[in-house]
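*Asks:* So that we are looking at the same thing, I have put the structure below in structure tokens.
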Amino acid sequence: MANHDRVNERYYGQINSEDSHEATRARVHWMCRETTGRRILDVGCSQGITSILLGREGFRVTGVDLEEDSIRFAQEELAKESKPVRNNVDFRMLDITNWKIKTRFDTILLGEVLEHFAHPETLLTHLHRLLEEEGTLIVTVPYGYHPFYDHKQTFYAGNLGMSITPYFEVLKLEVHHKYLCCVARKRRNTPLHTTPSLHQVLSWMELDHEHFAKVEQQHLRSMKQRKKALDSAVEQLKRLRE
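The numbering of the sequence shown is the numbering used here, which starts it at 233 and goes up by one.
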């Protein structure tokens with residue numbers, strides 16, 4: 233079943249709420265800022281907004297996705313751009329885990345993809361092969377539980393870091409608009425399957441603690457507001473009965 237991710241439309245505020253619009257823009261811009269080098273691979277590029285934005289800045293970007301409709305939409309959006317941007321960006325419909333290519337990329341973008349894998353290592357192994365030595369991997373995933381039918385993983389700071397560490401060195405792990413945002417680097421002359429240090433694990437635990445405290449506080453405020461509304465409705469009903 234297709235995911236029908238409509239990231240371009242959320243980015244431009246054409247669908248969903250204002251909060252969703254702001255969160256999408258913030259996340260896309262964060263990924264663009266963290267991009268390094270010139271050759272970029274955008275895995276799960278969806279409707280292509282991140283690839284196109286980077287193409288406007290002179291990066292050479294290959295955007296890949298499994299969904300035909302998404303790639304068609306991305307190509308139609310790219311056709312509206314100037315010739316230099318069109319020359320910088322290439323969209324392809326393919327399965328990255330079966331892509332046999334010798335090209336290596338300076339940065340790989342993985343925006344809201346990893347949560348769709350029951351075995352993230354399947355994808356991360358391929359990305360490790362496709363990345364230049366000390367190249368940059370940029371990952372974003374929903375933070376905590378999101379009730380989407382195709383999400384096979386629920387990520388927190390700890391288990392996202394543990395998933396990535398055997399293949400990449402985690403440089404940055406942050407939370408933005410309820411999404412975990414990670415920057416990692418392919419290790420040079422270091423064996424795979426390295427485990428995180430105690431310092432890293434403690435920092436991830438601290439991040440989870442901080443943000444779950446915020447989630448619980450928000451939930452408590454929401455429950456109080458609902459109780460207040462319910463109590464008001466009950467009082468109104470009593471007065472009507474009297």
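A virtual CB, placed ideally from N, CA and C, is assigned to each residue, including glycine.
Note that this is a predicted model, so its numbers are computed, not measured.
Check the C-beta distance from residue 369 over to residue 387 and give it rounded, since I have them as a contact under 8 Å.
*Replies:* That belief does not hold up - the Cβ atoms of residue 369 and residue 387 are roughly 15 Å apart, past 8 Å.
*Asks:* Under three-state DSSP, which class holds residue 382?
*Replies:* If DSSP states are grouped into helix, strand and coil, residue 382 belongs with coil.
*Asks:* Following the continuous alpha helix (DSSP H) through residue 458, name the residue where it begins and the one where it ends.
*Replies:* That run of the alpha helix (DSSP H) goes 430–473.
*Asks:* With DSSP run on the structure shown, which of helix, strand or coil describes residue 414?
*Replies:* Note: residue 414 maps to strand in three-state DSSP.
*Asks:* Using three-state DSSP, classify residue 242 as helix, strand or coil.
*Replies:* Helix.
*Asks:* From residue 246 to residue 275, what does the alpha carbon distance come to, in whole angstroms?
*Replies:* If I take the Cα positions, the gap works out to 23 Å.
*Asks:* Output yes or no for whether 9 Å exceeds the beta carbon distance between residue 371 and residue 416.
*Replies:* Their beta carbons are under 9 Å apart, which means residue 371 touches residue 416 by this criterion.
*Asks:* Please classify residue 352: is it buried, with 16 or more other beta-carbons within 10 angstroms of its beta-carbon, or exposed?
*Replies:* Buried is the call here.
*Asks:* Thinking just about the alpha-carbon of each residue, which of 327, 254, 336 and 427 is nearest to the one in residue 395?
*Replies:* Nearest C-alpha to residue 395: 427.
*Asks:* Closest to residue 438 by C-alpha separation, out of 407, 454 and 461, would be which residue?
*Replies:* Of the listed residues, the one whose Cα sits closest to residue 438 is 407.
*Asks:* Check whether the Cβ atoms of residue 294 and residue 322 lie closer than 9 Å to each other.
*Replies:* Yes, they are a contact pair.
*Asks:* Alpha carbon to alpha carbon, what distance is there between residue 341 and residue 434?
*Replies:* So the two alpha carbons sit approximately 26 Å from each other.
*Asks:* Along the chain, where does the beta strand (DSSP E) that runs through residue 321 open and close?
*Replies:* Looking at the DSSP string, the run of the beta strand (DSSP E) that includes residue 321 is 321–325.
*Asks:* Return the first residue and the last residue of the alpha helix (DSSP H) that residue 305 is part of.
*Replies:* That run of the alpha helix (DSSP H) goes 300–311.
*Asks:* Quick one: grab the DSSP three-state call for residue 251.
*Replies:* Helix.
*Asks:* On the three-state DSSP scale, how would you describe residue 233?
*Replies:* With a pLDDT of only 43 at residue 233, under the threshold of 50, the placement of this residue in the model should not be trusted, and no figure is reported.
*Asks:* Helix, strand or coil for residue 404? Go by DSSP, reduced to three states.
*Replies:* Of the three classes helix, strand and coil, the one that applies to residue 404 here is strand, per DSSP.
*Asks:* Identify the continuous alpha helix (DSSP H) that holds residue 390 and give its terminal residues.
*Replies:* 389–396 is the extent of the alpha helix (DSSP H) around residue 390.
*Asks:* Have a look at residue 306 and residue 292 and give me their C-alpha separation to the nearest angstrom.
*Replies:* Going by the C-alpha atoms only, they are around 16 Å apart.
*Asks:* Leaving out five residues on either side along the sequence, give the residues of the same chain with a beta carbon under 7 Å from the beta carbon of residue 268.
*Replies:* Answer for residue 268: 338, 339 and 368, listed in chain order.
*Asks:* Taking all protein chains shown into account, do 16 or more other C-beta atoms lie within 10 angstroms of the C-beta of residue 402, making it buried, or fewer, making it exposed?
*Replies:* With 16 or more other Cβ atoms within 10 Å, it is buried.
*Asks:* List the endpoints of the continuous beta strand (DSSP E) containing residue 269.
*Replies:* Segment: none, residue 269 is in no beta strand (DSSP E) and carries neither H nor E.
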